[in-house]
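Note that the protein sequences, when read in sequence, are chains A and B. Numbering-wise (this note's numbering), the first sequence opens with residue -19 and increments by one. Numbering-wise (this note's numbering), the second sequence opens with residue 35 and increments by one. The beta-carbon is built from N, C-alpha and C at its ideal position, and this holds for glycine as well. Here the structure is a predicted model, which means the values were calculated and not measured. Read the structure below first, then the notes.
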Amino acid sequence: EVRIEQSGAEAKKPGESLKISCKGSGITFSTYWVAWVRQVPGKGLEWMGMIFVDYSESKYSPSFQGHVTFSADKSTNTAHLQWTSLKASDSATYYCARSAVTESSTSSYSYYRMDVWGNGTAVTVSS
Amino acid sequence: SSELTQDPAVSVALGATVTITCQGDSLNNDYASWYQQRPGQAPKMVMFDVDMRPSGIPRRFSGSRSGNVASLTITGAQAEDEADYYCHSGDSKSYQYVFGPGTKLTVL
């Protein structure tokens, strides 16, 4: 079965650190990017960025740069999202998704898509 | 600008056809992908590379593109199609992507 397993819900206090995980099962993250997506309750999806698992090369949305860190372990087919100091505004559900790429045959552009999604990790930050 | 715009809400009669659109500058050079999110569930990809349907997505879903507008069409909408739909696009050279604000589809 092809699926992505995400770690369980977390309840933290402001200022605490947190690392959540995203593990591929029946699929490989090798040669793929893994994207992270935030969804605040009742709101839309926000693309946080992505990490190329083979090289642990990360690309961050400006909205999240400097506040979160992506990491990956190719040997365990796992990606991680980490905070060193949580804020109440970080309360949300965080999804990871494998990001596949189609290389254009007629231009220098590439086309990304998120083809397999995890079920999300709910993070609650409250004092 | 990397922003995408979508109609906040659209409704369609059961069995009728509906088109959800997504507009943005990035769509001039990028192919949008589309995601369906039912209440309480994770998003699911329903279209990519303009008009490619992932395995398992019904044929009533189709995609198209014209200039800076991407469209997702459901021909013969079913009750289970009621969901939020998000487009996703960006710039592959800068690796910066965004989601549209989402369209809430109601099937009447």
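The three-state reading of DSSP puts D70 (chain A) in helix, counting H, G and I together.
The distance from the Cβ of S105 (chain B) to that of T55 (chain B) is about 5 Å, consistent with a contact at the 8 Å cut-off.
Residue environment for D70 (chain A): buried (at least 16 other C-beta atoms within 10 angstroms of its C-beta). For secondary structure counted as the beta strand (DSSP E) over 3 or more consecutive residues, the stretch 81 to 142 of chain B holds these complete runs in sequence order: 95 to 100, 103 to 109, 117 to 125, 130 to 133, 137 to 141. Rounded to whole angstroms, the separation of the alpha carbons of R72 (chain B) and T137 (chain B) is 12 Å. When 8 Å is used as the limit between beta carbons, K3 (chain A) is near no residue of chain B, the shortest such separation being about 15 Å. The beta carbon of D41 (chain B) sits closer than 8 Å to the beta carbons of I54, T55, T137 from its chain, once the five residues preceding and following it are set aside; these are given in chain order. The beta carbons of T140 (chain B) and A43 (chain B) sit closer together than 9 Å.
Listed by position along chain B, the residues whose Cβ is nearer than 9 Å to that of Y75 (chain A) are A76, P77. The Cβ of F95 (chain B) sits no closer than 9 Å to any Cβ of chain A. Against chain A, a Cβ distance below 9 Å from V132 (chain B) picks out E26, W27, S41. CA-to-CA, the gap between T39 (chain B) and K23 (chain A) works out to about 15 Å. Within its own chain, the residues whose Cβ lies closer than 6 Å to the Cβ of P135 (chain B), once the five positions on either side in sequence are excluded, are Q40, listed in chain order.
Inside the stretch -1 to 72 of chain A, DSSP marks no whole alpha helix (DSSP H) run of 4 or more residues.
Measuring C-alpha to C-alpha distances from S90 (chain A) to each of B:F133, B:Y129, B:L142 identifies B:Y129 as the nearest. The beta carbon of M86 (chain B) is closer than 8 Å to those of G97 in its chain, skipping five residues each way along the sequence. Per DSSP, S85 (chain A) is not a residue of any beta strand (DSSP E), being assigned neither H nor E. Annotation for A102 (chain A): the continuous beta strand (DSSP E) segment containing it runs 101 to 105. If you ignore the 5 residues before and after N57 (chain A), its C-beta comes within less than 7 Å of the C-beta of K3, G4, T8, F9, all in its own chain and listed in chain order. Within chain A, the C-beta atoms nearer than 8 Å to that of G136 (chain B) come from G24, L25, in chain order. The C-beta distance from V105 (chain A) to K54 (chain A) rounds to 30 Å, too long to meet the 8 Å contact threshold. Distance from the CA atom of G(-12) (chain A) to the CA atom of A76 (chain B), rounded to whole angstroms, is 14 Å. Per DSSP, the unbroken beta strand (DSSP E) holding T51 (chain B) starts and ends at 51 to 57. With a threshold of 9 Å between beta carbons, T82 (chain A) makes contact with chain B.
Rounded to whole angstroms, the gap between the alpha carbons of H60 (chain A) and P88 (chain B) is 26 Å.
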